[in-house]
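Heads up: the structure comes next, in structure tokens.
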Amino acid sequence: MKIIDILKRDVPSISYEVFPPKTDTAFESVKCATEEIAKLSPSFMSVTYGAGGGTSRYTLDIAEDIEKYFGIPMLAHLTCVSSTRETVREQIRLMKEKGITNVMALRGDLTAELENTDRSAWAYRHASDLVYELREAGGFCIGGACYPEVHPESCDQKEDIRHLKEKVDAGVEFLTTQMFFDNNLLYNFLYKIREAGITVPVVAGIMPITGANQVERAIKLSGSFMPQRFKSLVDRFGHSKEAMMQAGIAYATDQIIDLLANGVNNIHVYSMNKPEVARAIHANLSAMIGLEDTRG
Ligand code: FAD
Numbered sequence: 023m024k025i026i027d028i029l030k031r032d033v034p035s036i037s038y039e040v041f042p043p044k045t046d047t048a049f050e051s052v053k054c055a056t057e058e059i060a061k062l063s064p065s066f067m068s069v070t071y072g073a074g075g076g077t078s079r080y081t082l083d084i085a086e087d088i089e090k091y092f093g094i095p096m097l098a099h100l101t102c103v104s105s106t107r108e109t110v111r112e113q114i115r116l117m118k119e120k121g122i123t124n125v126m127a128l129r130g131d132l133t134a135e136l137e138n139t140d141r142s143a144w145a146y147r148h149a150s151d152l153v154y155e156l157r158e159a160g161g162f163c164i165g166g167a168c169y170p171e172v173h174p175e176s177c178d179q180k181e182d183i184r185h186l187k188e189k190v191d192a193g194v195e196f197l198t199t200q201m202f203f204d205n206n207l208l209y210n211f212l213y214k215i216r217e218a219g220i221t222v223p224v225v226a227g228i229m230p231i232t233g234a235n236q237v238e239r240a241i242k243l244s245g246s247f248m249p250q251r252f253k254s255l256v257d258r259f260g261h262s263k264e265a266m267m268q269a270g271i272a273y274a275t276d277q278i279i280d281l282l283a284n285g286v287n288n289i290h291v292y293s294m295n296k297p298e299v300a301r302a303i304h305a306n307l308s309a310m311i312g313l314e315d316t317r318g
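Be aware that the sequence shown starts at 23, since it is given in the numbering used here, and climbs by one per residue.
Spelled out as structure tokens, the structure:
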């Protein structure tokens, strides 16, 4: 099933993200965690693709297995910046062979090593280059990433939104946001992109922070603003694994309920291979997902 058809329904959707194992020995535990999340019957699931090809080997295998055995629509991520045309075309061929029709087209992060290479030699410079390639191959529903708090490489939001519009015009059918911890940032972003003529569905990416050690990593990765309410929660409960888990799930649940109440229907949870987190959030929202919007 094409993800765009799920997102266009007028009812809330919830999806979860997993990432492939870093080593062969971790494969079984990741497979097991992924299956536990699939048992929740989310609207769809996504599998990330490691930057530089590091952990990307299993992305398609995991996506194929879950779609085949659990009937959950799968979204396979694909990055391009460190890849040759041959590598990308081989991935596209494999996706077709495995029956994967939903792709998240990403550039990938610029490593220090990449930064020092000659950019004119790169086969792909922006995610939109990959979008064109996927469009040409045909048959894919293509998603793209967006940044309510501006991509760290952009000078300002205006420039970032201009490039986002180019990416959408290249063939992106839906967008998933970087994590954010203050919903007002998303509402403001949505207003601005709609004003810029970007009309595709936007899936709100929510990261439940369930350990104090995750905070620093999350900020470094995303540059996200941490509201005082969230900082106080980490200060108060961060020393206890169990308390932080409960508080982090409650915060993410709160964020999601506010989004749903304000008409943001499509939620993607960065569940980080943690079925217990996905299970708790799913239970908190069970009556809200699939609920028709009866507001006038
Ligand atoms: P782009 O859309 O290419 O944008 C990157 C920067 O380039 C932006 O500043 C943009 O404004 C600018 N830009 C775009 N087009 C142009 C142009 N024509 N001229 C000049 N500037 C331009 N990383 C992984 O390695 N694996 C994953 O699985 C993965 N999944 C992700 C999922 C989501 C939802 C998100 C939000 C991020 C994910 N990432 C992943 C991280 C992502 O690869 C990085 O954030 C990366 O730095 C940018 O990728 P992009 O696809 O947004 O790039």
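Note that CB positions come from ideal geometry on N, CA and C, so glycine has one too.
Within this structure, are the beta carbons of residue i and residue j separated by less than 9 Å?
i: residue 121; j: residue 104; result: no
i: residue 94; j: residue 63; result: yes
i: residue 58; j: residue 300; result: yes
i: residue 118; j: residue 55; result: no
i: residue 266; j: residue 221; result: no
i: residue 244; j: residue 200; result: yes
i: residue 39; j: residue 293; result: yes
i: residue 29; j: residue 174; result: no
i: residue 274; j: residue 286; result: no
i: residue 288; j: residue 225; result: yes
i: residue 314; j: residue 27; result: no
i: residue 209; j: residue 284; result: yes
Excluding the 5 residues preceding and the 5 following residue i in the sequence, name in chain order all residues of the same chain whose CB lies nearer than 7 Å to its CB.
i: residue 99; result: 68, 69, 70, 71, 81, 126, 128
i: residue 2; result: Residue 2 lies beyond the residue range present for the chain, which begins at 23 and ends at 318; the question has no answer from this structure.
i: residue 150; result: 188, 189, 192
i: residue 113; result: 100
i: residue 256; result: 234, 237
i: residue 60; result: 67, 88, 92, 94
With distances taken Cα to Cα, identify the nearest neighbour of residue i among the options.
i: residue 123; options: 286, 215, 30, 195; result: 195
i: residue 169; options: 289, 306, 31, 227; result: 227
i: residue 303; options: 190, 236, 268, 315; result: 268
i: residue 217; options: 180, 192, 237; result: 180
i: residue 261; options: 247, 237, 193; result: 237
i: residue 206; options: 281, 266, 275; result: 281
i: residue 215; options: 254, 184, 283, 161; result: 184
i: residue 23; options: 242, 51, 90; result: 90
i: residue 21; options: 148, 162, 161, 157; result: In the structure displayed, the chain extends from 23 to 318; residue 21 sits before or after that span and is not available.
Give me the Cβ distance between residue i and residue j, rounded to the nearest whole Å; I'm assuming they're in contact under 8 Å.
i: residue 230; j: residue 271; result: 6 Å
i: residue 249; j: residue 203; result: 6 Å
i: residue 146; j: residue 102; result: 4 Å
i: residue 139; j: residue 167; result: The pair is not a contact, with the Cβ atoms about 22 Å apart (cut-off 8 Å).
i: residue 92; j: residue 295; result: With a Cβ gap of about 16 Å, residue 92 and residue 295 do not count as contacting.
So is residue i in contact with chain C if we call contact Cβ pairs under 9 Å?
i: residue 242; result: Of the chains in the structure shown, none is chain C; there is only one protein chain.
For residue i, collect the residues of the same chain with a Cβ closer than 6 Å to its Cβ; drop the 5 residues on either side in sequence, then sort them by chain order.
i: residue 74; result: Legend: pLDDT at residue 74 = 41, less than 50; position of this residue unreliable, value from coordinates given subsequently. Cβ within range, chain order: 104.
i: residue 135; result: none
i: residue 311; result: 34, 36
i: residue 259; result: 265, 266, 269
Sorted by chain position, which residues of the same chain lie with C-beta nearer than 8 Å to residue i's C-beta, five sequence neighbours on each side aside?
i: residue 76; result: Caution is warranted here: a pLDDT of 47 is assigned to residue 76, below 50, making its placement in the model unreliable, and the coordinate value is therefore given only provisionally. 44.
i: residue 178; result: 172
i: residue 97; result: 25, 37, 66, 67, 68, 69, 85, 124, 125, 126, 165
i: residue 247; result: 171, 202, 203, 204, 207
i: residue 110; result: 100, 102, 145, 146, 152, 155
Would you list, in sequence order, the uninterrupted beta strand (DSSP E) runs of no fewer than 3 residues that lie entirely inside the segment 59 to 130? 66 to 69, 96 to 101, 124 to 128
Alpha helix (DSSP H) runs contained entirely in the segment 247 to 300, provided each spans 4 or more residues: 250 to 259, 263 to 283
Give the list of continuous beta strand (DSSP E) stretches no shorter than 3 residues that lie fully inside the segment 151 to 232. 163 to 168, 196 to 199, 224 to 228
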